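Q: Chains as they are written, first to last, in this note's numbering: chain W, 15 to 264; chain Y, 224 to 446. In this text, a Cβ means the ideal position worked out from N, Cα and C, and glycines have one as well. Please read these numbers as outputs of a predicted model, since none were measured by experiment.
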Amino acid sequence: MPMLEVKEIRKAFDGLKVLDGVDLSVEKGDVIAILGPSGSGKTTLLRCLNFLETADSGEMIFDGEHFRLGHVSHRDIARLRKKTAFVFQNYNLFLNKTALQNVTEGLIVARKMPRDKADEIARKALEKVGLLDRCDHYPSQLSGGQQQRVAIARALATDPEIIFFDEPTSALDPELIGEVLAVMRQLAEEGMTMLVVTHEMGFARNVSSKVLFMEDGVVVESGASKEFFENPKSERTRAFIRNITGEPAV
Amino acid sequence: MSERLIGILTDSFGKILLPGLTMTIPLTVISFSIGMVIAVACALVQFAKIKILTPIVRTYIWIIRGTPLLVQLFIIFYGLPNVGIVLDAFTSAVIVFSLSTGAYCAETMRAALESVPRGQMEAGYCVGMSYMQIMRRIVLPQAFRTAFPPLSNSLISLVKDTSLAANITVVEMFMATQRIVARTYEALALYIEVALIYLLFSTVLEQLQRWGEKKLNTYGGQK
Ligand SMILES: Nc1ncnc2c1ncn2[C@@H]1O[C@H](COP(=O)(O)OP(=O)(O)O)[C@@H](O)[C@H]1O
Ligand SMILES: [Mg+2]
């Protein structure tokens, strides 16, 4: 049984249909890369899954529980959010908190964990992303790549069932992308369930197990990543892959 | 400068400073504290767009900012007794200055709250925090830092504005000076003397502001 399933999710902004009936199925341990041109609704999809946006309609099944999107109570939203984590394109670290406090905040404040236990978990998470030595630095004192790694540590610390990544490397200077991707690859290898909007084809091809290709608010093609890249079914997918890998259009 | 004048100035220094310490400063501190509570509450109401309260807050700010402090003082102290509400001068002054600080600082705080990046709130939700927890621990502290310099300005203005309370019989520094002038006719020297004492108070506050800004700056610039 899938851990997270979404059916016919729809969302419009002022009449503009941004998600036009998207289906998604995530098994435990899946690493799904969500690809697609800019404006195709990828961010909106992730935000609806985490209730940062309210979908107009659709169905969500999370851990066997059914929810009618657009009609989920505040209490359920709060409960569901505690099972997930989100990594933003622009990190969104708490600017008034150190790296360590960024990670402990969700534990101490939201989950009422004792401080020493939260500190221990946070240190482990920061160690995992290679930033234990920066735990007392504020976001303004960290590079983009380091900030994003702290954001990943913050996501990890809450022991989520799934982590949503929205273009986690898009705001980074090219030389900083590698360090973030390395951390994500490690998580993938450890079996973390991840839904990753990305333009990094290397990650989609080599790290993710499945690919979901979106355009204009609909899923054009989805399947195992190997199959997707080696044997794309639709012409639009072929055009997209040609475009993004820079191979000449035939 | 004649010996008589020097005598008057030294003699009056204590007589002006004393009401400064026992009236001007308490009036400022009490009014500013109450005003800040009003300001934060009004800013939060507007920031959260609470339905019925927002227009009430807007109306309050509109009235207070659109009318002179002196007129407000007269309405509360000289006007209200006509409808049976008699307040002593100090209380009247505290009410007027608190409401005034509240209105101006509410606008400062609202702008500061709105300057906190949206993503801070969203990140808070994503780690499982509630709206109130995010406001208290993430958004308000950042807003306070942004608002600190303009709020300090308001505080310094308030110290000087308390001199208006002399008009409703509050014996603060300016009133005390006026009384000495009435006795000695040394208007120029004495009013300069009280001006310098106000300047002293403002300078101390400016130094405190600088120190506070340095303390608040620990987490660096916003990116
Ligand atoms: N809050 C919003 N209000 C109005 N339009 C929005 C909003 N968020 C996204 N959109 C629009 O929805 C479309 C899809 O956006 P998005 O989900 O960000 O796409 P992607 O992440 O694939 O680039 C775009 O046309 C964008 O302008
Ligand atoms: Mg996007």
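#1: At a CB-CB cut-off below 7 Å, which residues of chain Y make contact with PHE27 of chain W?
#2: Can you list, in chain order, the residues of its chain whose CB lies under 6 Å from that of ALA253 of chain W, leaving out five sequence neighbours each side?
#3: List the residues of chain W whose Cβ lies closer than 8 Å to the Cβ of MET352 of chain Y, in chain order.
#4: Cα separation between ILE379 of chain Y and ILE357 of chain Y?
#5: Using DSSP bridges, identify the partner residues of THR98 of chain W.
#6: Would the segment 236–254 of chain Y and the segment 393–400 of chain Y be scored as touching if the rule is three or more Cβ pairs under 8 Å?
#7: Please tell me whether GLN343 of chain Y has its Cβ less than 8 Å away from any Cβ of chain W.
#8: Under a criterion of Cβ closer than 5 Å to any non-hydrogen atom of ligand 1, which residues qualify, in chain order?
#9: Is MET74 of chain W closer than 8 Å to GLU41 of chain W when the C-beta atoms are compared?
#10: Excluding sequence positions up to five away, which residues of its chain have a Cβ less than 8 Å from the Cβ of LYS267 of chain W?
#11: Would you mind stating whether ALA388 of chain Y and THR331 of chain Y have Cβ atoms separated by less than 8 Å?
#12: Any C-beta of chain W sitting closer than 8 Å to the C-beta of ALA346 of chain Y?
#13: Of all the residues that make up the segment 60–92 of chain W, which are near chain Y by a beta-carbon distance shorter than 9 Å?
#14: Reducing DSSP to helix, strand and coil, say where ASP90 of chain W ends up.
#15: Hey, would you say LEU276 of chain Y sits closer than 8 Å to VAL268 of chain Y, going by beta carbons?
#16: Taking 8 Å as the cut-off, does the segment 102–111 of chain W touch the segment 123–138 of chain W (at least 3 CB pairs, one atom from each stretch)?
#17: Since GLN365 of chain Y meets chain W, which of its residues come closer than 9 Å, beta carbon to beta carbon?
#18: Once the 5 residues before and after ARG219 of chain W are set aside, which same chain residues still bring their CB inside 7 Å of it?
#19: Quick one: list the residues of chain Y neighbouring THR172 of chain W, beta-carbon separation under 7 Å, in chain order.
#20: Can you confirm whether ARG360 of chain Y, when its beta carbon is compared against all beta carbons of chain W, has any partner nearer than 8 Å?
#21: So which residues of chain Y does SER157 of chain W contact, with C-beta pairs closer than 8 Å?
#22: Could you check where the alpha helix (DSSP H) with LEU209 of chain W kicks off and where it finishes?
#23: In whole angstroms, what is the alpha-carbon distance linking LYS31 of chain W and GLY72 of chain W?
#24: Anything in chain Y within Cβ reach of ALA99 of chain W, meaning under 8 Å, just list it in chain order.
#25: Given SER39 of chain W, which residues of its chain have a CB within under 7 Å of its CB, disregarding the five upstream and five downstream residues?
#26: Report the CB separation of GLY432 of chain Y from SER375 of chain Y in whole angstroms; it is logged as a contact under 8 Å.
#27: Confirm, please, whether the CB-CB distance from PHE81 of chain W to CYS349 of chain Y is below 8 Å.
#28: Could you pull out every residue in the same chain whose Cβ sits closer than 6 Å to the Cβ of GLY325 of chain Y, ignoring the five residues on either side in sequence?
#29: Tell me whether the segment 41–61 of chain W and the segment 206–222 of chain W touch, counting them as touching only if at least three CB pairs, one residue from each stretch, are closer than 8 Å.
#30: From PHE367 of chain Y to GLU337 of chain Y, what does the alpha carbon distance come to, in whole angstroms?
#31: In angstroms, rounded to a whole number, what distance separates the CA positions of THR58 of chain W and LYS21 of chain W?
#32: Excluding the 5 residues flanking ILE318 of chain Y on each side, which residues of the same chain have their C-beta closer than 8 Å to its C-beta?
#33: Kindly indicate which residue of Y:ALA335, Y:PRO373, Y:LEU322, Y:SER425 has the alpha-carbon position closest to the one of ILE284 of chain Y.
#34: In chain order, what residues of the same chain have a beta carbon less than 8 Å from the beta carbon of LEU428 of chain Y, not counting five sequence neighbours either side?
A: Inspection of the coordinates gives the following:
#1: Here residue 27 of chain W refers to the residue found at position 13 of the first sequence. In chain order: nothing, as chain Y lies at least about 16 Å away.
#2: Here residue 253 of chain W refers to the residue found at position 239 when the first sequence is read from its first residue. So the list is empty, once near-sequence residues are dropped.
#3: For this step, residue 352 of chain Y is matched to residue 129 along the second sequence. For MET352 of chain Y, the residues of chain W that pass the 8 Å Cβ criterion are GLU119, GLY120, VAL123, ALA124, in the order they occur in the chain.
#4: Translated into positions along the second sequence, residue 379 of chain Y becomes position 156. Translated into positions along the second sequence, residue 357 of chain Y becomes position 134. Approximately 31 Å, taken between the alpha carbons.
#5: To locate residue 98 of chain W, count along the first sequence from 1; it is residue 84. DSSP lists W:ILE176 as partners of THR98 of chain W.
#6: Three or more pairs of CB atoms, one per stretch, sit closer than 8 Å, so the segment 236–254 of chain Y contacts the segment 393–400 of chain Y.
#7: The residue labelled residue 343 of chain Y in the question sits at position 120 within the second sequence. Cβ-Cβ to chain W under 8 Å: yes for GLN343 of chain Y.
#8: Listed by chain position, these are W:PHE27, W:VAL32, W:SER52, W:GLY53, W:SER54, W:GLY55, W:LYS56, W:THR57, W:THR58.
#9: For the purposes of this step, residue 41 of chain W is identified with residue 27 of the first sequence, where counting begins at 1. For the purposes of this step, residue 74 of chain W is identified with residue 60 of the first sequence, where counting begins at 1. Contact check for GLU41 of chain W against MET74 of chain W fails: the beta carbons are separated by 8 Å or more.
#10: Any question about residue 267 of chain W goes unanswered here, given that chain W covers just 15 to 264.
#11: Looking up residue 388 of chain Y in the second sequence gives position 165. Looking up residue 331 of chain Y in the second sequence gives position 108. It is not a contact, given that the beta carbons lie outside the stated cut-off.
#12: For the purposes of this step, residue 346 of chain Y is taken as the residue at position 123 of the second sequence. Against chain W, the CB of ALA346 of chain Y has a partner CB under 8 Å away; the residue lies at that interface.
#13: Within the segment 60–92 of chain W, the residues whose Cβ lies closer than 9 Å to some Cβ of chain Y are ARG61, ASN64, PHE65, LEU66, ILE91, ALA92, listed in chain order.
#14: Counting from 1 along the first sequence, the entry for residue 90 of chain W is found at position 76. In the structure shown, ASP90 of chain W sits in a helix (DSSP, three-state: H, G or I).
#15: Here the question's residue 276 of chain Y lines up with position 53 in the second sequence. Here the question's residue 268 of chain Y lines up with position 45 in the second sequence. Yes, Cβ-Cβ distance for LEU276 of chain Y and VAL268 of chain Y is below 8 Å.
#16: With a cut-off of 8 Å on Cβ pairs, the segment 123–138 of chain W is not in contact with the segment 102–111 of chain W, counting fewer than three such pairs.
#17: Sequence index remark: in the second sequence, residue 365 of chain Y carries index 142 (1-based). Within chain W, the residues near GLN365 of chain Y are PHE108, LEU109, ASN110.
#18: Residue 219 of chain W sits at position 205 when you count from the first residue of the first sequence. If the five residues before and after ARG219 of chain W are omitted, its C-beta is found closer than 7 Å to the C-beta atoms of SER239, PHE243, all from its own chain and listed in chain order.
#19: What you label residue 172 of chain W is simply residue 158 of the first sequence in a count that begins at 1. Residues of chain Y passing the Cβ test: VAL350, GLY351.
#20: Position 137 of the second sequence, counted from the start, is the residue given in the question as residue 360 of chain Y. Yes, its Cβ sits closer than 8 Å to a Cβ of chain W.
#21: Your numbering for residue 157 of chain W matches position 143 in the first sequence. Under the 8 Å cutoff, chain Y gives no residues; its nearest Cβ is about 11 Å from SER157 of chain W.
#22: Here residue 209 of chain W refers to the residue found at position 195 of the first sequence. Premise fails: LEU209 of chain W lies in the beta strand (DSSP E), 208–211, not in any alpha helix (DSSP H).
#23: In the first sequence, the residue the question calls residue 31 of chain W occupies position 17. In the first sequence, the residue the question calls residue 72 of chain W occupies position 58. Roughly 14 Å between the two C-alpha positions.
#24: The residue you call residue 99 of chain W lines up with position 85 of the first sequence. Going along chain Y in sequence order, the residues near ALA99 of chain W (Cβ under 8 Å) are CYS349, VAL350.
#25: As a first step, residue 39 of chain W is located in the first sequence; it is residue number 25 there, counting from the start. Contacts found: PRO16, GLU19.
#26: The residue labelled residue 432 of chain Y in the question sits at position 209 within the second sequence. The residue labelled residue 375 of chain Y in the question sits at position 152 within the second sequence. Checking the sequence shown, residue 432 of chain Y turns out to be Gln, not Gly. GLN432 of chain Y to SER375 of chain Y, Cβ: 4 Å. Contact.
#27: Stepping through the second sequence from its first residue, residue 349 of chain Y is reached at position 126. Stepping through the first sequence from its first residue, residue 81 of chain W is reached at position 67. Result no, Cβ atoms of CYS349 of chain Y and PHE81 of chain W do not sit closer than 8 Å.
#28: Within the second sequence, residue 325 of chain Y is the residue found at index 102, counting from 1. The beta carbon of GLY325 of chain Y sits closer than 6 Å to those of GLY258, ILE261, ALA262, all from its chain and outside the five residues before and after it, given in chain order.
#29: These segments touch.
#30: Numbered from its first residue, the second sequence carries residue 367 of chain Y at position 144. Numbered from its first residue, the second sequence carries residue 337 of chain Y at position 114. Using only the alpha carbons, I get a separation of about 12 Å.
#31: Here residue 58 of chain W is taken as the residue at index 44 of the first sequence, counted from 1. Here residue 21 of chain W is taken as the residue at index 7 of the first sequence, counted from 1. If you take the alpha carbons of THR58 of chain W and LYS21 of chain W, they lie about 15 Å apart.
#32: Residue 318 of chain Y sits at position 95 when you count from the first residue of the second sequence. Excluding residues within five positions, the ones whose Cβ falls inside 8 Å are ILE299, LEU310.
#33: Position 61 of the second sequence, counting from 1, holds the residue named residue 284 of chain Y. For the options Y:ALA335, Y:PRO373, Y:LEU322, Y:SER425, the alpha carbon positioned closest to that of ILE284 of chain Y is the one of Y:LEU322.
#34: Along the second sequence, one-based indexing puts residue 428 of chain Y at 205. Contacts found: SER375, LEU378, ILE379, VAL382.
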